Structure formats: C-alpha cells, structure tokens
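Okay, structure first, notes after.
Protein chains: 6
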Amino acid sequence: MSGTVVRNIHRADAGAIEALGRQGVATVHEAQGRTGLMQAYMRPVWRGARIAGSAITALCHPGDNWMIHVACEVLKKGDILVVACSSENSDGGFGELLATSLKALGAKGVILDIGCRDAAEISEMKFPVWSRAISAKGTVKASIGSVNVPVVCAGVNVKPGDVIVADDDGVVVVDRKQASEIARLGAEREKKEAGSRARLQKGELGLDIYDMRKALADKGLKYIDGPLD
Amino acid sequence: MSGTVVRNIHRADAGAIEALGRQGVATVHEAQGRTGLMQAYMRPVWRGARIAGSAITALCHPGDNWMIHVACEVLKKGDILVVACSSENSDGGFGELLATSLKALGAKGVILDIGCRDAAEISEMKFPVWSRAISAKGTVKASIGSVNVPVVCAGVNVKPGDVIVADDDGVVVVDRKQASEIARLGAEREKKEAGSRARLQKGELGLDIYDMRKALADKGLKYIDGPLD
Amino acid sequence: MSGTVVRNIHRADAGAIEALGRQGVATVHEAQGRTGLMQAYMRPVWRGARIAGSAITALCHPGDNWMIHVACEVLKKGDILVVACSSENSDGGFGELLATSLKALGAKGVILDIGCRDAAEISEMKFPVWSRAISAKGTVKASIGSVNVPVVCAGVNVKPGDVIVADDDGVVVVDRKQASEIARLGAEREKKEAGSRARLQKGELGLDIYDMRKALADKGLKYIDGPLD
Amino acid sequence: MSGTVVRNIHRADAGAIEALGRQGVATVHEAQGRTGLMQAYMRPVWRGARIAGSAITALCHPGDNWMIHVACEVLKKGDILVVACSSENSDGGFGELLATSLKALGAKGVILDIGCRDAAEISEMKFPVWSRAISAKGTVKASIGSVNVPVVCAGVNVKPGDVIVADDDGVVVVDRKQASEIARLGAEREKKEAGSRARLQKGELGLDIYDMRKALADKGLKYIDGPLD
Amino acid sequence: MSGTVVRNIHRADAGAIEALGRQGVATVHEAQGRTGLMQAYMRPVWRGARIAGSAITALCHPGDNWMIHVACEVLKKGDILVVACSSENSDGGFGELLATSLKALGAKGVILDIGCRDAAEISEMKFPVWSRAISAKGTVKASIGSVNVPVVCAGVNVKPGDVIVADDDGVVVVDRKQASEIARLGAEREKKEAGSRARLQKGELGLDIYDMRKALADKGLKYIDGPLD
Amino acid sequence: MSGTVVRNIHRADAGAIEALGRQGVATVHEAQGRTGLMQAYMRPVWRGARIAGSAITALCHPGDNWMIHVACEVLKKGDILVVACSSENSDGGFGELLATSLKALGAKGVILDIGCRDAAEISEMKFPVWSRAISAKGTVKASIGSVNVPVVCAGVNVKPGDVIVADDDGVVVVDRKQASEIARLGAEREKKEAGSRARLQKGELGLDIYDMRKALADKGLKYIDGPLD
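Chains as they are written, first to last, in the working numbering: chain A, 1 to 229; chain B, 230 to 458; chain C, 459 to 687; chain D, 688 to 916; chain E, 917 to 1145; chain F, 1146 to 1374.
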C-alpha cells in the first residue's frame, strides 16, 4: 500500500482517550497486559508532557519527510501524528515549522521514529514531541510513502485510529476497539495501587502487602543471617 | 549463590560515607586510582542529586523485579539499593511504588542496571535513581535471584556494604574497608584542585601550573608558527 | 602530523560568525546544502546554549587529554575548542578545572568527541559543552597528539579556523572561507521561513504553501476516502 | 491476546513459497515495493542457507522460551518458526535441543528476535537459524505468551501464515494473500535484472543501461574535468 | 591494586578443566545456575574452537596493551589470558606477534575485552581468540595496570585461576573452587539432555517430554482452533 | 560541492600501492603513526581478501545510491570505490549487479559506509566489499551527491586518489602523496617484526625483546609472589 493516503479513519471514544491520558504510559501498558509499548529509545524532546489522542500514521523513507506534510491535511483536532520510517534513520525530518503547523491544526503531539530538530524552539513552544533522536539533519521531499496505513513504529504495530499515550516514560499504543476496556482496567489498577501506596508510605513491606513470602520459599529462596565477611 | 538472601552486612564508616558523598563521583574515582566507575550508560532519572551510602545488592533476572521486594526488608536507613541483572535488560522493573517504599524505609537512592519507569513521578518525589534506561515495560515476579551477594553492576563488582557515590556524572563504588582512606585521599585532591582552580581562574595555563612543557618536548611535540593555509 | 602544534591560524569574519550563531545549527546546516553536521550523538551537557566561534582543534588519544592543555595556549578569546580522538572513546577527559581555564581564557565553549565530567558543576557555571558522553572516567597525560591540524570530529572534517555553531540540535561546521556566504544564505532562509511560519500559524497547509500537490500526484500518490475498517 | 494459542492457520500457496525462496530476500523485498524487511541485526547463525516457508509465530517474554515449546505442537512440515519477544532481549532461548525437535518436526528454519545458543552444533546440523545475537544465556519457562498471533519481529509485523524468506541478506516477510502476486513480480524483476547483468558484464555503464544522464543533469549535477589538486 | 603483578596463582583441578572444556559454554553456564556468562558481544575471531583453562588476568587501560606483555611472564602452559580494560575500548591491543608469543608459551587462548588485530593471520594460526571487536588500531605502552588481580571482563568478575570455557557461543567463567562440582553437574546435565535428544529426534514434543501441559494450563494458556482469518 | 563530479584525479605510485597492499591494514596503520584507520564497524562481506588501490569517492544520501552509478564512469582499472553517506544509514545501496559492473570495469573492491546486499552472490563472485552492514534494503535514485570530492567515510577523511588498503582487519587510508614513504616505513616495520617474531616463537618474552623491565619499574609496577588466596 505504498503511495496511499486514507483520508478518513475511525477514532476511539473521546472519554476513553481522556482517561488513558490521565493514567499515563506505565499504567496503560500494564492494564493491557504489558503490550503495546514502543521501544525505550523513544524519548520526549522536553520533559513533563503527558498526552493521549488518536493516531494518524505516516510512513516515510530515510531522509525524506514528505508524507508528514501529506498527513497534516487528514489530521483532525486532538489527533497525534505517528511517523514511521521504512528503514532505521535518525535524520531530523520534523522541526519548528512543522510543529507550528501541527499546533495550528490542533494536533496534540507527534511521535517520531526518526529525528527531531529545532529542539530549543519546540521546547519553548511546549509542543509535545517524542523522537528516537535529536538531529538537525535536513530531509528531502522525493519519495512517496503512505498515510493512515498500519505502520510499525519503534517496534509496535500502529493502526490509524489507535490511541497513543505518551509521557516521560515513553509511548504506548492501545487498540482503538479496546480503548474503553483498557481505560476501565487502568482505572481499577490505579485504585489498587492507591491502596498499596498508602501502605508502602507507612513503611509496610511489599513482601507482606503482596503476600510474597510463601511463593519465595516455595521457589527455594534461602535466608542467611550474615554478615559473611 | 542464586536464591540466597544475606540479612546482615557490615557497613562502612558513617563519616567516610558522608565525606565521599560531598566529594562526588569524579573526585572519588580519581582518589581511588581511577577504578570503580560504573559504565557511562548509567544516568540519573533527574539531574541534581548527589548521594552516598552503603550498598544493598539485588541480583534479578531479565524482566523480573522480585528480588527488589526482598531487598527492601534487609535495607536500613541510609543504604542505597544496587540492582544488577543476570543478562542485559532495560525493562522498567522499578517505579513510583517501589520508590515510595524505599523512601519510607529510609533508602538514599537506587542504582539500576535495568530500566526505571514512572520517571515523571520519581522526579517530582525527588527520589534519587540512576538507571540504564527509562522504560515503562512491566516486569514479573517469577524467578528468584539473590540479595546481598557480590554482583557486577554496569561493569563494576559491587559487594554488599561497599560505598556507592552517585551524582550527575554517574556512579562509583568504593570498597568498604578502604572508604576512610579514599575519603582522606579525596580530601587531599580537593585541596590541591582548589589551588589549581584559583590559578586557572586568573588565566594561568595548565601547561605551567602542572609543569608540562618539558615532558611534552621530551615526547617530541613540535610547534609551528603557522598559519598553514 | 602527529605531535605538531600550529600556533596561529586564520579565523573567519567576525560578523559572519555572529550571524551564524544567531541562525543556529538547523538553519546553517540547511544553508550550506545539508553538509557539515556532526553525528547526532553529540549532545549538550546542559540545554539552552547557542554559540558560534572559530575552531581550535586538538587530536587526543583514547583515555588521554594532554593535548587539551596544549591547545589552551593557542586559543584566543571567542574561539571554540574542538577535541577529536584517534579512536572511539568516552572517557571524561574534560571537567570543571579545564572549563574554568577555558572560561578564563575567553573560549566560547568546547566540542568533545570524548566524554565530559563534572556535569553538575559545568552546568552551574553555564559553560557550554557538547560531548559524546558524560563520564567521570579520568584520563592520563602520556601520549602526544596535535593541535590545530585538520581532525575528524563526530563524522565531520574540521580544519582549524572553521566556524563551529552549536546549540540544542547539535553541532555544525562551516568552512572558514565560506562563512560569510553561508551566513548570507542562512539569512535568506530565515526570511523565507518567517513567511511560511506566518501562513502555517494561520492553519494553511504545507501542501499548499510549498505547492506539493502536483509533484505528489506525478509520483503516483493515491487518495482513498476510507475508513477502511 | 496474551496467553492464546491458535492451532490452525491458513498457509500461502506452496508454489508461491517455493518461487519466493528461489528468488531470495533482496529480490522479494524489491518486488513488494521495498517493504517487509526485518532489521539488519538479524543475521544467520551460519552462512549459506536460503529458505522460505509459512510463519508460525511465538511471542515470548525476556529470558523465557516457554512458548517455543508450545509452538512446536502446531507447526507443520515446511513451516518456519518466528519468535518475537515482548521487550528487547538477546538471551539464548533457542539451542541445539530445540533445533533437533524442529528438524524432526519438519520445520525449515527459525527466525529469532532473541539469542541463539549452541551455534557450533546448529551450524554442524545445517539447521537454518537467523537471530539477533549468539548467546549461551539460558532461559526459564515461567511466563506464558502466545502462539500464532500477529507479532512484531525485528521491526516487521508478522501474521501467522505470512511467507518468510531468509538468506545471507536477512529476513523478509510477505503477506500470505499477496504471496503469488509478489512471486510473479519477483520473477519479472529477475528477468529484467538478467538483461542488465549481461550488459554490465560487458562493461556497459548503469548510467546508460538505466538511462540516467538526463535526470542527473536535470537535478543539476555538474562535471569538472579535474584533477583539482 | 593498580600497578601490581601477582606471580603465582592457584589453578583448578586439571580433570575438571578438561571436562568443562568438553561440555562447552552453554552446558557449563546452565550447570552453574546460569551465572558467569560474559556478555554476548564477545565473539571468536574464527569459528570452531572450544577451549578451557585457568585464567591469568590482565587489567589494561584504553589504547594501552602493556600489561599483556607483563602477563606473558607469569602465564603457564594451558592457561588462558583474560584481558580487561579500565574503560570501554575496542582498540586492537592484541595481534599476531602476541599470539605467536602466547602460543610459544603454551597458552590455550586469549579472551579480550578490547579489540584484536591481524584477524587473518590469527585465524590461519588457529590460535583461539575471543574479543569485543576486530580492529587494527594500534596501542601504546604507557600506563601500568595489574596482572592476576580480580577483573571485570565483559560483565563478569574473573579471579586469577578461575576456569575459562570458550567456544562459538561465547565465554563462561567458573569459580576455581567450584570447578569440579560444576563439571559433575555438567556431566549430569549432558546425560539428561542425551535422553531428551533421542526422544526429540523421534518427533516427540518438548511439551510431553518436559511435562509442561499442566503448568501451562495453570498459568491460563488458552487454545483456539482457528484459523482466525 | 554537492552535485559535483570530478572526472580525473591524481593517483598514487603503483609500486607504493602494491607494497601497501602486501603489508596489510595493521602494518600500514602503524607505519603512518596510527592514523587513517576507519572505524571498527567496517567489516568484510566475506573473509580472506586483501586489496589496495586508489580511492574514487562517492557521497550519497541516506537510502539513495545514485552516485555509485555516476562514480562507475570515472573509475579506472585498479581503483577502489569509497562510498560515504551524508547521514548514518545502513540501507543496502550496493548489490550483485553493481558488483558485476565494478568487476567488469576493473575495480579492485568497494568500501561502503552504508549497507551491502546480495551477500551470498558477492561472496561467491569473490568481489571484495567492506561495509557497515549487510542489508537487503533497497535504495532510490532521487538525490544527487558528488563524486571525487573529499568525504568522511567511517570516521576518516578520504580524498580522491588516496590509497585504500583493506583486509580482514578493516580499512585504512593513506594520503596519496605520502604513499611511497609509508610503504617504505611499512617495509621497515615488517623487517623489524620478523626479527621479533623469530624470538617470540622460541619463547622469549616481549618484556626482554622490547626491553620493558626498567620502564615498568620506573612507573612503579610491583611484583608480589602470591598466591593471594
């Protein structure tokens, strides 16, 4: 499907997106059974943002950012642009001008499996960007790719309309049709964690809170008084 | 010794620990003959902390953080938890709940040769963490490792009770029995550096302060007036 | 030319240096036809600086920073020290004492294809440093290299007197003799980008501003209405 | 779908599989528009094999090879086992005993986004294996994953039944339903390349065979007689 | 202990060394509870060797191979030289001349956490070398390190006299005092594996041989008939 | 100079090229003062070749091999094609068809700071290729670069006409004008090494042959009888 732009996509339930964004990457990733997490090299250009939105996907070629411009036209307010590349490449195919454009169009942020440039300006604009590198290396507009086709971005298969959640921990992808269910599971998890947190703050041990002692003994863990030296 | 927990360990002299913490990683590393430095991939989750304390060691398996919970029980106020892994792994086996627990137990910080998650929350808590990666990837509690055995963490052999010093430069390990001597040598070094600093600030050259000209000439260094082009 | 120090070099036009510094790495890199950019692993020790100056080059050996001291003597106010290494090495051959010296001597900053230590102190001093790593690993003064010879630093050939521009995006090198021309082209580019920026801010599409629709169609890009699922 | 095994899958046309295997990775990758190629870190354990078959997928967890055993039961003669991992991991979850089992069951080979051990024995057996690393690191059987679900392996989305082609160049994945069409395009490409090859062997230039001179001139390429020095 | 050479060391039982060498890296690593394996970047310069011997350790500095010469004097017939480096470095500090020397002195092989040069000549000599890289980069003889002190080599703590086992899978280290016990456990493991191998060759499944079905069901693994598409 | 092809270049003395080729990478690299060595990631596609020739340089863009075709026209019998890329890229821009062309034109080999495909076919043809990766990833012909301009290839500045020497150890570059002098120094070095080799083969120690004992003692190296445990 190289050379194809799909104009319209289904998006996930707005309430689910909002809930997932509040929960954040670590909770959502756990809630959906520890799947969907992009590789750890995806880092925020500036620390402190937490966003969620529907994925608009763009598949580019190395050193070529043409499809990002094409993607801008089909993007709607609240969407997140996800840029994949047909081979490993860190060139800076996204910078302040494209950030200006996306901000004006209402995008919540950008996920780049390529490089980002104009890091200082983008940090000042507070436009949320996650990328595999910061690089000023310019790109051409010579090869066509696709927009709104499934792409593999930083190790995860992303379909247009899937929910993207991103924060200082990285980026996680939630299947569009499961967004509400994952949001529900995430909320449950948060509630359970709040209970654990309160007990941990008082100095109780995880060993007791999570009832681990028997399982450890069954596995053969042995205690020695020590010191050994 | 897989599957062993040593409850009690010897700790280094409290005064030495405090002195080493003030001196910081670069000075301590030099003071002990440029040894004991963990590999440069160990980075603070947030910048600005400088800590020192006695090492409690935990040896985990890839994608498994069970032993961190076990280590919490033997950790004492002022200790630093050092987490090694039996193979290269960046999964996020340490997050905000464990940070909450360790903080409540009085730990000064954590050194992770695995990944850290909940980076935003941990930065806000100002709980000091150094790790090889930031990753939300969750871990299981399925395989037992050991606590308070010698481990290799980021390229350095760490014995329980060794002194850990960590700051924005990375992490250095000091043998428990040599802690006082290294602290003394570090203090000497600081004094000497203060003298050099004052002279450098006035614009004197290192060539003269450190008396390098003859050695350079002996090695055959030649000067050309130039310009050559 | 190992073992050679060239005392005097030609420097670029001061006005050109100043202009290039204002334009920043991404603009300058584009202005000179997307050449001269150092590899993306070169990162600032602290974020927010933007500098430009004439390159003083030092070629060191792995684990050895002797030539940095030698370079200090030939450096003039406003210069930038560029440190290359004869093989890949991340040891911390540059720290707070050398930063103190260079600051006193009027250097604008340092570009290190080796490691930097004392990251906290250097950040506090606000002395601009770009490096391939942060590492406290100390270095020796045992092998002579050269000063003010052409070096390859982070993938770019740097001749003494070339203009170095560095900011949060990385480091770019401009040939001394082309500095004024590149500064002129950079200014043109900035002007053109200001026009695009104003239109993008209003929500116009790059597709229209840059007149891309015909070229995309010629390449065979196809649009589908969708949604496909 | 963690924890799910799909027993039966559709497989691609046997003739198409055979044709794709003869064409090899580079040709097939081009024939399908330069898509589907796994990342270049996937290397054969021994050089010289070229295989094609239907993908049986297994999704494992780091340091855990349990699902490979589960996959053996659903694998049929001629299939290729594709092992993905829920996070980046190079542990040696596949060795000579599993190779013996797969060979006995008629598998054509294995694609591992984890490590392979017993490299000497597997090379001697001539059982084809591609992996991201060679590592003796043993694995546990503690966490369940899935078999015959879509997985991302070395950067490519692989669905059960897709055609895997692997040789010294790496590994490429062909959508099951497109296998015959890609095989046809690959054959066309081979024919065309045979013609080019004959002309190149006689010393004709690609510039002429592929008629590039005008396009290069249009792009602005300039010739200088030289020498310049 | 920088700057120290220990002339004499204890060596492991010769029978144990011989047995461990026959068993090979993967078996020995498993026999000692999956510990002691060097990182996977350690690769043989040529494929096909399998050796075991007592470790003579040398701690060098980056770009400096002086201590290898020092180690030659204390090495005895049958020993294996283990070279660690005080920081990450791939320079070619070992080549054909040193290989000639070591071969003449009766060394069984060399383990280098630095680079190896003269790869062609060393392969022709059939002198076994494992290294982190092949590199012609020459080294100096300027800084003293130590010989026969404990070192961390490729992530494993190696004490002089420990048994080194190396083959195409990598390098594993066995504590000298446990060598006989590990050899015994390795032999048991081999015996057990021989039984499994015979059954696997007949097409029996690991699921049955290792009796995994109940454990998988207990963990919640579900089977679906499929196909799903 | 992007978009420039220099048709004619000066070449080094044929006798010097031949001598350097016989000496090989490690000797030549030492003979010219340990400079000019490409980074260690440059590996031969097949082991066993040793070549030397004059460099024809091509500067390509990521994912684009157009300039290789352009370079073919200016290449003469005995030359070696050196391909650099304007940013880090491993796509397979060179394969069996280009190898066929270069072989027909009399090229001695190719040095690629990009990827190589058709590894099996090229190995069978015995056409010498060094590359940063093996990758089947196809490339486009969309952006013009330059031919016979100075390029940085794998960390070394290569000028057209410089001598390239390549073997299993990697690739080294010799300045054209210094080729004869370096060949002479290499011959001297070989003679000297032959003497050392003969003594080492008899079991003499490098410590004595190279007269190191006093220098080691002066540096403070201490001997302890041991064993220490």
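No residue lacks a Cβ here, since even glycine has one placed at the ideal position from N, Cα and C. Values in this document were obtained by computation on a predicted structure and should not be read as measured data.
- Of the other Cβ atoms in all chains shown, 16 or more fall within 10 Å of the Cβ of Gly-521 (chain C); this residue is therefore buried.
- Secondary structure of Ala-542 (chain C) (DSSP, three-state): strand.
- Bounds of the beta strand (DSSP E) holding Trp-1275 (chain F) are 1274-1279.
- Per DSSP, the unbroken alpha helix (DSSP H) holding Lys-1364 (chain F) starts and ends at 1358-1364.
- In this chain, the alpha helix (DSSP H) harbouring Ser-425 (chain B) covers 408-430.
- Taking each of F:Ile-1201, F:Lys-1347, F:Thr-1180 in turn and checking the Cα distance to Leu-1250 (chain F), the smallest one comes out for F:Ile-1201.
- Annotation for Asp-1034 (chain E): Gly-1011, Glu-1012 place their beta carbon closer than 6 Å to its own, counting only its chain and skipping 5 residues before and after.
- Cβ contact annotation for Leu-1116 (chain E) (same chain, cutoff 6 Å, sequence separation greater than five): none.
- CA-CA distance, Ile-114 (chain A) to Leu-686 (chain C), rounds to 27 Å.
- The three-state reading of DSSP puts His-1206 (chain F) in strand, counting E and B together.
- Val-609 (chain C) has a beta carbon lying at 8 Å or more from every beta carbon in chain E.
- Contact annotation: Arg-923 (chain E) and Val-998 (chain E) have beta-carbon atoms that are not nearer than 8 Å.
- Ser-1062 (chain E) sits in a strand when the DSSP states are folded into three classes.
- For Glu-204 (chain A), the nearest beta carbon of chain F is not closer than 8 Å to its own beta carbon.
- Counting only the Cα atoms, Asp-537 (chain C) lies some 59 Å from Thr-943 (chain E).
- CA-CA distance, Ala-1023 (chain E) to Gly-937 (chain E), rounds to 15 Å.
- For Val-1068 (chain E), no alpha helix (DSSP H) encloses it; the enclosing beta strand (DSSP E) starts and ends at 1067-1069.
- Between Thr-920 (chain E) and Val-1074 (chain E), the C-beta gap is not smaller than 8 Å, which leaves the two residues out of contact.
- Inclusion of Arg-927 (chain E) and Gly-1077 (chain E) in the CB contact set at 8 Å is warranted, their separation being smaller than that value.
- For Asp-620 (chain C), not one C-beta of chain B is nearer than 8 Å to its own C-beta.
- Around the Cβ of Gly-1102 (chain E), a 10 Å sphere holds 16 or more other Cβ atoms; the residue is buried.
- Rounded to the nearest whole angstrom, the CA to CA distance from Glu-662 (chain C) to Leu-59 (chain A) is 22 Å.
- Val-941, Ala-942, His-945, Glu-946, Arg-950, Leu-953, Ala-956: these are the residues of the segment 926-960 of chain E whose beta carbon lies less than 7 Å from some beta carbon of chain D, given in chain order.
- Taken atom to atom, the span from the alpha-carbon of Gly-1193 (chain F) to that of Ala-829 (chain D) is near 45 Å.
- Of all alpha-carbon atoms in C:Asp-471, C:Val-587, C:Gly-551, C:His-487, the one lying nearest the alpha-carbon of Ile-526 (chain C) is that of C:Gly-551.
- In the three-state reduction of the DSSP assignment, Asp-175 (chain A) falls in the coil class, being assigned neither a helical nor a strand state.
- For Ile-68 (chain A), the enclosing alpha helix (DSSP H) has its first and last residue at 66-74.
- Ser-2 (chain A) sits in coil when the DSSP states are folded into three classes, being neither helix nor strand.
- Look at Ser-425 (chain B): its C-beta is under 8 Å from a C-beta on chain C.
- The C-beta distance from Ala-718 (chain D) to Arg-876 (chain D) rounds to 5 Å, short enough to meet the 8 Å contact threshold.
- Ranking B:Thr-264, B:Lys-355, B:Leu-341 by CA distance to the CA of Ser-316 (chain B) puts B:Leu-341 first.
- Annotation: the continuous beta strand (DSSP E) that includes Val-1308 (chain F) extends over 1308-1312.
- Listed in chain order, the positions of the segment 1275-1297 of chain F with a beta carbon within less than 7 Å of a beta carbon of chain A are Lys-1282, Val-1285, Ala-1287, Ser-1288.
- Take the alpha-carbon of Cys-759 (chain D) and the one of Leu-495 (chain C): they are about 50 Å apart.
- In the three-state DSSP reduction, Arg-251 (chain B) falls in the helix class (H, G or I).
- Using a CB distance cut-off of 8 Å, Lys-1135 (chain E) counts as an interface residue toward chain D.
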